[in-house]
Amino acid sequence: MSDNEERWDSLPDEILTHIFLSLPIKSIIVCTSVSKTWNSLIQNPTFISTHLHHSYTNNHNLLLFKMVTQPVNPEHTANNKEVYLLYKEDDDGFTEELTGFEPSNHIFRVVGTCNGLLCLSDDIFDFNTDRFFCGTHVLESFSNFLIPNVRCATHTDADFYASIGFGFDPTTNDYKVVRLLTFACTSPRTEVEIYSLSTGEWRMLSSGLAPQCALVPCQPRAFLNGALHWVAFRAINVNKAHHFVLAFDLGDEVFREILLPEELPPYTHDGFLCAYVSIYGNSIALFHEDYSSLRLNIWVMKHYGVVSSWTKALSLPMTYQGGFASTNYIPKAVGFTRNGRIVLEMNGGHLMSQDLKTQETKDLKLIGYNCNFVDAYVESLVLLDKAANGTITY
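Counting in our numbering, the sequence shown runs from 803 upward without gaps.
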């Protein structure tokens, strides 16, 4: 070791920590190869946690987009190409394409993102999947999750709906994947599987704890306040269903229900209520595609959990833009930025954002189709220590 390297190594941990926190994350990764001292400090769980908090505090403008290069057609998946981009809201010229994704069917479903981790599934055209992926773009690779205990292949597509969620349990300092299989068409039961990143194992939730309901299929989910949220429904009879927001707390592993806005019909007589949830600041929002009035209605819950605080923040006319899907209408609500602007997919896949209060719009100068995903994102070192120690295999 040179004299210069020894001088750097002799710096107190507090000073080194301050220096590392000021560096771009990929430069921090490079620093792990400089010396054993630096490597040990950077891979220490305390530093990883400190860096994550620093990222949340100082980086408010980073968005993660998933986009498809042309309208998605399951019959011609070879022509579909998806890209994942990091986008800075305050710098229109900055986009960074993420690599390391090699889906067998060319299209992933985004299960969720949390603390810089991205969880994916390859079930977008086939529920009979046993492949899940989780990782961070900093490591430029993804780990395979174990095959779930309950195999979807034992059921037919007409028998069940599958929905997956991903989030962080602060009570155990663990990341979890939750998969719900609901069998509304054949029997009133729900099966819940939970994967723990710390143990590397799947387990079944006790049957008595699962709600008797079904989830609107192929919908996004929102992770907020330690809980996953979906739009769910409970069949009253063959033609009538009651819809609500289903929340699952990752710590207590219990379900609860949140009522929808009173203005929405509590029961539907013609199938699913085309609505799904999104994160809105410290609360949730509801995107309701009303095909009877051809309006896209955006509802926000101003105070989380308070049903009376549901407020219609925006209502936009929808128009049919053609394609193989009968419900291929625009605009489509994709999600929210961290500062509360809604991201919309417009004609031709063009993406724009709109301020809910001022109605001011902004062209994001990005183009994507149908399977778009957007979420506020932070770059983090989560999993770095586990990858280095061989806890997770890449």
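Ideal Cβ placement from N, Cα and C applies to all residues, glycine included.
Closest to residue i by CA distance: which of the options is it?
i, options, result
"T1163", "I1144, Y1179 and I1169", "I1144"
"G1170", "L1185, G1142, P1133 and E1181", "P1133"
"V1033", "L1017, N1039, C936 and S965", "L1017"
"R1036", "A1012, F1046, I830 and D815", "F1046"
"L920", "D893, L888 and D892", "L888"
"M869", "H1105, L1168 and V1180", "L1168"
"L1166", "S812, L825, I827 and D893", "D893"
"D1157", "V1180, S1117 and L1185", "S1117"
"R911", "R1023, L1183 and P1013", "R1023"
"M1120", "N1141, N1149 and V1109", "N1149"
"I1081", "N1141, L983, N1041 and Q1161", "N1141"
"T992", "A964, G1107, S998 and F896", "A964"
"M1006", "L999, C1015, Q1014 and L982", "L982"
"W1043", "T834, P1067 and S1095", "Per the sequence shown, residue 1043 should be read as Ala rather than Trp. When each option's Cα is compared against that of A1043, the closest is P1067."
"V1184", "K890, I830, S812 and H820", "I830"
"V994", "E1003, T984 and G1002", "T984"
"E1091", "W840, T1113, T974 and A1135", "A1135"
"S824", "S857, S835, Y1093 and L843", "S857"
"E1003", "F934, V1109, A1115 and E891", "F934"
"T852", "S835, E884, E816 and T839", "E816"
I'd like the list of long-range same chain contacts for residue i, defined as Cβ closer than 8 Å, with 5 residues on each side in sequence excluded.
i, result
"C916", "F968, G969, F970, Y977 and F1025"
"P972", "G1028 and G1053"
"G1137", "P1022, S1080, I1081, I1144, V1145, F1175, V1176 and D1177"
"Y1179", "L864, L865, L866, L888, T915 and G918"
Which value, in whole angstroms, describes the spacing of the CA atoms of residue i and residue j?
i, j, result
"H855", "Y1122", "44 Å"
"V980", "L864", "26 Å"
"A955", "D924", "Residue placement at A955 is flagged as unreliable, the pLDDT there being 45, under the threshold of 50; the coordinate-derived value follows with that caveat. Computed Cα separation, rounded: 14 Å."
"S1008", "L1075", "29 Å"
"T938", "V913", "14 Å"
"P814", "N1084", "37 Å"
"S837", "I996", "39 Å"
"S1128", "L866", "Confidence at S1128 is low in this model, with a pLDDT of 46, below 50, so its placement is unreliable and no value can be given for it."
"E1147", "L818", "44 Å"
"F849", "N1041", "55 Å"
"A1049", "T1160", "31 Å"
"N1130", "W810", "59 Å"
"L1096", "S1155", "20 Å"
"I1086", "S812", "48 Å"
"H820", "S1094", "57 Å"
"C833", "G1107", "44 Å"
"N998", "L922", "Position check: residue 998 holds Ser in this sequence, whereas Asn was assumed. Computed Cα separation, rounded: 15 Å."
"E1181", "I1038", "45 Å"
Given residue i, which residues of its chain have a CB within under 6 Å of its CB, disregarding the five upstream and five downstream residues?
i, result
"Y886", "K868 and L900"
"S1111", "M1103, K1104 and H1105"
"T897", "L887 and Y889"
Note down, in chain order, each residue of its chain lying with its Cβ closer than 7 Å to the Cβ of residue i, except the 5 sequence neighbours on either side.
i, result
"S1000", "D976"
"Y1051", "Residue 1051 is actually Asp in this sequence, not Tyr. Within the same chain, D1051 has close Cβ partners G1028 and A1029."
Cβ contact (3+ pairs, closer than 8 Å) linking the region 1099–1115 and the region 1050–1069: Yes: the two stretches touch, three or more of their Cβ pairs being nearer than 8 Å.
Sequence ranges, alpha helix (DSSP H) only - wholly within the region 1024–1091, length at least 4: Correct list: empty.
4-residue-minimum alpha helix (DSSP H) runs that sit fully inside the region 827–871, ordered along the chain: Counting only runs that start and end inside the region 827–871, the alpha helix (DSSP H) elements of at least 4 residues fall at 827–833, 838–844 and 847–860.
Those runs of the beta strand (DSSP E) which lie wholly inside the region 1147–1187 and span at least 3 residues: Within the region 1147–1187, the runs of beta strand (DSSP E) at least 3 residues long that lie entirely inside it are, in chain order, 1152–1156, 1163–1169 and 1175–1178.
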